[in-house]
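Input: a single structure, listed below in structure tokens.
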Amino acid sequence: MIFNIIFSMWHLPILYNLSVSYHWVHILEHTLFISASIVMWWPICSQVQSIPKLPYPLQMLYLFVMSLAQIIVFGIITFAREPIYQHYIDAPRIWNISPLVDQQLGGILMKVGSGFLFLLLMIIAFFKWFDEDSNSEETAYNKPDSTEREL
């Protein structure tokens, strides 16, 4: 949840506008994003035995909850009735779309992109879990029972 808190916080208009106005704030923003991302992905990607990744069923649940937590930011950006960020209101219109439509398209792209990523990772975790479970059943099936060992 650390990532979602930091991600949401930096989408508040005051912080977002500061990040596009001051380079050092922009660097701080992305440093926090990277640090929080490492923490966020650790339960899925860990290769360290002392802090292992989650079992596959919990990975699926974790990814689902992470995707839900981001819906709040995407929803606010997508369904706002007016542009949220002054920077984009003042930006030149390159494709002749209004700042509001630009913002709404950005919110949709963020949600759809992250939604597909989380869904893909949940599917991968499911198949790895299924494969892991199948292999453990196959191993148990191929083990000789105690009566066979005595012969």
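Each residue of the sequence shown is one higher than the last, beginning at 1 in our numbering.
The beta carbon of each residue, even a glycine, is placed where N, CA and C say it ideally should be.
Residue i versus residue j - alpha carbon distance
i: LEU109; j: PRO92; result: 21 Å
i: GLU29; j: ILE2; result: 14 Å
i: SER8; j: ILE38; result: 17 Å
i: GLN118; j: ILE94; result: Correcting the residue type first, residue 118 is Phe in the shown sequence and not Gln. PHE118 and ILE94: Cα-Cα distance of roughly 31 Å.
i: ASN17; j: HIS23; result: 11 Å
i: PRO55; j: PHE127; result: 12 Å
i: HIS26; j: ALA125; result: 34 Å
i: GLY115; j: LEU61; result: 14 Å
i: GLN167; j: LEU105; result: No information on residue 167 is available, as it lies outside the stretch 1 to 151 that the chain covers here.
i: SER46; j: LEU120; result: 18 Å
i: ARG81; j: ILE97; result: 15 Å
i: VAL101; j: LYS53; result: 40 Å
i: GLY107; j: GLY113; result: 10 Å
Reference residue i; option with closest CA among the options
i: PRO13; options: TRP129, GLU132, TYR88, TRP95; result: TYR88
i: MET40; options: HIS23, LEU15, GLN70, SER50; result: GLN70
i: LEU32; options: CYS45, ILE5, LEU120, TYR22; result: ILE5
i: PHE79; options: PHE130, LEU15, ASP133, LYS111; result: LYS111
i: PHE130; options: SER50, PRO57, VAL101; result: PRO57
i: MET66; options: GLN47, PRO52, ALA36; result: ALA36
i: ILE34; options: GLY107, TRP10, ASP90; result: TRP10
i: VAL20; options: GLY113, GLN49, ASP133, ASP90; result: ASP90
Cβ distance (whole Å) where residue i is taken to contact residue j below 8 Å
i: GLN59; j: PRO43; result: 7 Å
i: GLN103; j: ILE72; result: Wrong, their Cβ atoms sit about 16 Å apart, outside the cutoff.
i: MET122; j: PHE74; result: At roughly 18 Å, the Cβ-Cβ gap does not stay under 8 Å, so MET122 and PHE74 are not in contact.
Whole alpha helix (DSSP H) runs in the stretch 78-131 with 4 or more residues, listed along the chain? 86-90
Runs of 4 residues minimum, wholly inside the stretch 15-48: which ones carry the alpha helix (DSSP H) assignment? 23-45
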